[in-house]
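The block underneath contains the structure these notes are about, expressed in structure tokens.
2 protein chains.
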Amino acid sequence: MKVSLNALTATEIADGIVSGKFSAEAVTRACIDRIDEREETVGAWAFFDPDLALEQARSVDAAAKKGVIAGVPVGIKDIIDTQDMPTGMGSALYEDHQPLIDATCVARLKAAGAVIMGKTVTCEFAGLTAGKTTNPHDPSRTPGGSSSGSSAAVSDNMAPVALGTQTGGSIIRPSSYCGIIGFKPSFDTLSLKGVFPAAESLDTLGLHARSLDDIELILSALLQREHKKTPGLTRPPVVGLCKTWMWDDAEPESRAAVETTLERLKDAGAGVRELELPEEFEWLGDVRGIINCRERASVMAGEWANGKHQLSDQLQRTVQQGLDTSYDEYLDAIYLMETCRARMNQTFEGCDFLLTPAVDGEAPIGLKETGSPQFQALWTMLHVPTITLPTYRAPSGMPVGVQLVAPHRADRSLMAIARWVLEVCEI
Amino acid sequence: MKVSLNALTATEIADGIVSGKFSAEAVTRACIDRIDEREETVGAWAFFDPDLALEQARSVDAAAKKGVIAGVPVGIKDIIDTQDMPTGMGSALYEDHQPLIDATCVARLKAAGAVIMGKTVTCEFAGLTAGKTTNPHDPSRTPGGSSSGSSAAVSDNMAPVALGTQTGGSIIRPSSYCGIIGFKPSFDTLSLKGVFPAAESLDTLGLHARSLDDIELILSALLQREHKKTPGLTRPPVVGLCKTWMWDDAEPESRAAVETTLERLKDAGAGVRELELPEEFEWLGDVRGIINCRERASVMAGEWANGKHQLSDQLQRTVQQGLDTSYDEYLDAIYLMETCRARMNQTFEGCDFLLTPAVDGEAPIGLKETGSPQFQALWTMLHVPTITLPTYRAPSGMPVGVQLVAPHRADRSLMAIARWVLEVCEI
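Here the protein sequences line up with chains A and B, keeping their order.
Quick note: the first sequence uses the numbering used here, first residue 3, plus one each step.
Quick note: the second sequence uses the numbering used here, first residue 3, plus one each step.
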């Protein structure tokens, strides 16, 4: 059976275009057809202009020298500036807003040959108030948020990869709910120039994809790093099973995802240690709201002054809570978070990575709420790289990801481990 | 002798306006008169519209409830977004660029009652290529950069305070050259929402002022922190004299600034320890260029793609150097910098703050170069708070500041120490 071009990975697309097997235009057309067919149900796009996408594809085809991601269609979360597409932040306040210059990530993707397919739906200002997107596996369920459209578009084969951002759980949660790979690099890895902030001490740019090769390929373009596949592991890794204090909050599906994945890793030769996080890490759950709300109030100061009433009630409450939080209380929360970060590396002692739930459970039914961020936000606060892999399907048929966590800046070793895990566990 | 209103501190202005001693309009008019008189020589402003300033002042006067900085004229570095004034970044690429929304810092200043006087001249994208500003103490000399206009405007009594940013030495150096106080808070203290980045791991928003009270007052507005003056020291502090490995690069004027200041502190009862920085800190000087150039190339990706040839030759070289630097080389530099940051606190052992040169010497003659950033950039890389105080005047009559450094996030204790130092040493 011939796989449609829109279902190929970014790596396969770039290879096929460079080798002349098919054109960028044909790939883009296949994605456009898929969007035409499914968008009414999925609602992944905040802005989509097929002509603009085709124009880019044709200029990739015409170029003598092809970039490393020549002709790869990419979805861009709609809080990221694009100079030829409006950038709406999921808010009426920025309706039809047209940035002057591409964000760094967009400029780098373009320079490497990407076709920017359009802007994907984001929750309002990358927060909690959902947009129109549904879960491609079941339109009665949330796709998760805030990178809702990016996750849904990649899951539904509308584009092989998409950019997302995570401040709490906005990459990992929707990726897990939609059954794809979501990668949040170490804090500070990818430039945030041109990305609307949510909470400046936490905001991280990352990726949604259906293949680990694609994550590495797109990263090489974003980082302007020579593209080479991470070498595989030379021995099975030692897994640090990290249930966290939130384990009992997890639904059976999420516990089953971790447990069945662990069994398969053991069967493949992995060592296992069960890890307890230091006690003070539990406080991170308590101070997260303090940090989030106060930093949110800070970045929204201009919007608050100009258009408070155009913000959702939920976002207004968040900002107000931030405004009501004293600076000293905030600073105490920051100290605690920094103390935990400094202690993070030693929690890995004796194991190569942590295996931990990605989400509370399968994507909840309903489109208003986007699910709980607690299992993702912990790691965002710790600035460590995390990836979710689709290794499990619940009895309902819904995907439930697991989460792999590595020490700060050990992004490459996380990638090698993820490759091993996915080979062993792919469903 | 009556002091003109434009020569008052922000604290005196806010007090006078709240108590009805004079109007915001009168203060703004006094600053406008000063600008009219001196701007042709000093060239501090990239955008200045007296009517717009007066309009703000009149609405402060009309308001029943006055903010904590009611009627205080503030200069805004022209890489910071303002929704009612163009924001030019010191570059032809952004000529007449009009942002949609105020940066967080501007919104908070306005909410607290400030009068935004205008946009102050910045070096091109807060880098090294100078604008039109001269040193108010001697128009044949550079004011320093990149916050050239902010420093000159405050020094020349055109406004009591101004916002600046520092990535290498862009607050401390021009403040020192212009004989005013410059304060770079701990990294991450003030929101950068709406501030054009230069190098994201280093960029810090800070202040230029003529009084320590003003620094604390403006900070309280920016941080939405209750305004209370930091209590004074209960005992004379222990000074860590930190000549650094660059001491021999310093001109006699800069060494004299440190030495005479130290003598006066000793006379006032301060203890003194001479401190050696750990050897690996010297490498920071070597890796600074790597980090700066690569991060600069990153944040400028969109501008590079759209208008490379509108950038100065100097900036083009910097970006090109960044593009030619491998990711691995960059990451090694980041590791080294983070290692030094982690070791920084222990270098303070036994002393309350570091006393160190602020600059290589007095402001160099000529307007093309803005002076060497080496004595400032070290501390920027370490993320620690630093302040320059005008405690010395060279035989030429030019001011030469000294620099005080405190541990990360010890900004408040730095302020208390600076207050003690300035009381003992004011010239």
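The beta-carbon is built from N, C-alpha and C at its ideal position, and this holds for glycine as well.
Less than 8 Å between the CB atoms is what I'm expecting for residue i and residue j, so what's the real figure, rounded?
{"i": "Val241(A)", "j": "Gly273(A)", "result": "7 Å"}
{"i": "Tyr394(A)", "j": "Val407(A)", "result": "Between Val407(A) and Tyr394(A) the Cβ distance is about 17 Å, and since that is not below 8 Å, they are no contact."}
{"i": "Cys295(A)", "j": "Gln323(A)", "result": "4 Å"}
{"i": "Met302(A)", "j": "Val321(A)", "result": "5 Å"}
{"i": "Arg212(A)", "j": "Ile183(A)", "result": "7 Å"}
{"i": "Gly151(B)", "j": "Ala12(B)", "result": "Contact flag wrong, Cβ pair sits at about 18 Å."}
{"i": "Pro199(B)", "j": "Pro176(B)", "result": "That belief does not hold up - the Cβ atoms of Pro199(B) and Pro176(B) are roughly 19 Å apart, past 8 Å."}
{"i": "Arg227(A)", "j": "Tyr329(B)", "result": "4 Å"}
{"i": "Gly181(B)", "j": "Arg421(B)", "result": "With a Cβ gap of about 18 Å, Gly181(B) and Arg421(B) do not count as contacting."}
{"i": "Gly170(B)", "j": "Gln378(B)", "result": "6 Å"}
{"i": "Thr135(B)", "j": "Val123(B)", "result": "5 Å"}
{"i": "Val62(B)", "j": "Ala72(B)", "result": "5 Å"}
{"i": "Met119(B)", "j": "Pro88(B)", "result": "The Cβ separation is near 15 Å, so there is no contact."}
{"i": "Ile81(B)", "j": "Phe127(B)", "result": "7 Å"}
{"i": "Pro162(B)", "j": "Ala252(B)", "result": "Not quite, the Cβ-Cβ distance comes to about 30 Å (not below 8 Å), so this is no contact."}
At a CB-CB cut-off below 8 Å, which residues of chain B make contact with residue i?
{"i": "Ile103(A)", "result": "Gly304, Glu305, Asn308"}
{"i": "Tyr329(A)", "result": "Leu225, Gln226, Arg227, Glu228"}
Anything in chain B within Cβ reach of residue i, meaning under 7 Å, just list it in chain order.
{"i": "Val301(A)", "result": "Thr106, Ser193, Lys195"}
Let me know if residue i comes out buried or exposed under the rule of 16 or more other beta-carbons within 10 Å of its beta-carbon.
{"i": "Pro311(A)", "result": "This sequence places His at residue 311(A); Pro is not what is there. Answer is exposed; the Cβ neighbour count stays below 16."}
{"i": "Asp83(A)", "result": "buried"}
{"i": "Thr349(A)", "result": "buried"}
{"i": "Glu14(B)", "result": "buried"}
{"i": "Gln100(A)", "result": "exposed"}
{"i": "Val70(B)", "result": "buried"}
{"i": "Lys121(B)", "result": "buried"}
{"i": "Lys230(B)", "result": "exposed"}
{"i": "Ile34(B)", "result": "buried"}
{"i": "Thr236(B)", "result": "exposed"}
{"i": "Val404(A)", "result": "buried"}
{"i": "Ala64(A)", "result": "exposed"}
{"i": "Ile19(B)", "result": "buried"}
{"i": "Gly304(B)", "result": "buried"}
{"i": "Asp158(B)", "result": "buried"}
{"i": "Thr43(A)", "result": "exposed"}
{"i": "Gly208(B)", "result": "buried"}
{"i": "Gly271(A)", "result": "exposed"}
{"i": "Ile173(A)", "result": "buried"}
{"i": "Lys195(B)", "result": "buried"}
{"i": "Pro280(A)", "result": "exposed"}
{"i": "Glu282(A)", "result": "exposed"}
Check the Cβ of residue i against every Cβ in chain A and list those closer than 7 Å, keeping chain order.
{"i": "His99(B)", "result": "Leu102"}
{"i": "Arg110(B)", "result": "Ala303"}
Counting only Cβ pairs nearer than 9 Å, list the residues of chain B close to residue i.
{"i": "Leu325(A)", "result": "Gln226"}
Return yes when at least one heavy atom of the ligand MG lies under 8 Å from the C-beta of residue i, else no.
{"i": "Ala55(B)", "result": "With respect to small molecules bound, the structure shown includes none, and the ligand MG cannot be examined in it."}
Along the segment 187-205 of chain B, where does the CB come closer than 8 Å to a CB of chain A? Name the residues.
Going along the segment 187-205 of chain B in chain order, one finds Asp190, Ser193, Leu194, Lys195, Gly196, Pro199, Glu202, Ser203 with a Cβ nearer than 8 Å to chain A.
Those runs of the beta strand (DSSP E) which lie wholly inside the segment 178-233 of chain A and span at least 3 residues:
As for any beta strand (DSSP E) of minimum length 3 sitting wholly inside the segment 178-233 of chain A, the runs are 183-186, 206-211, ordered along the chain.
With 8 Å as the limit, tell me which residues of the segment 217-240 of chain B have their beta carbon closer than that to any beta carbon of chain A; keep them in chain order.
Within the segment 217-240 of chain B, the residues whose Cβ lies closer than 8 Å to some Cβ of chain A are Leu225, Gln226, Arg227, Glu228, listed in chain order.
Interface residues of the segment 112-142 of chain A facing chain B [CB-CB below 9 Å]
Lys112, Ala113
Going residue by residue through the segment 285-341 of chain B, where are the continuous alpha helix (DSSP H) segments of at least 4 residues, counting only ones entirely within it?
303-309, 315-325
Length-filtered (4 minimum) alpha helix (DSSP H) runs lying within the segment 366-417 of chain A:
376-383
Which residue spans inside the segment 229-266 of chain A form an unbroken alpha helix (DSSP H) run of at least 4?
none
Within the segment 54-135 of chain A, note down every full alpha helix (DSSP H) run reaching 4 residues or more, in order along the chain.
106-113
Quick check for students: name the residue ranges of the alpha helix (DSSP H) that lie wholly in the segment 139-183 of chain B, counting only runs of 4 or more.
Runs of the alpha helix (DSSP H) lying entirely within the segment 139-183 of chain B and spanning at least 4 residues, in chain order: 150-157, 174-180.
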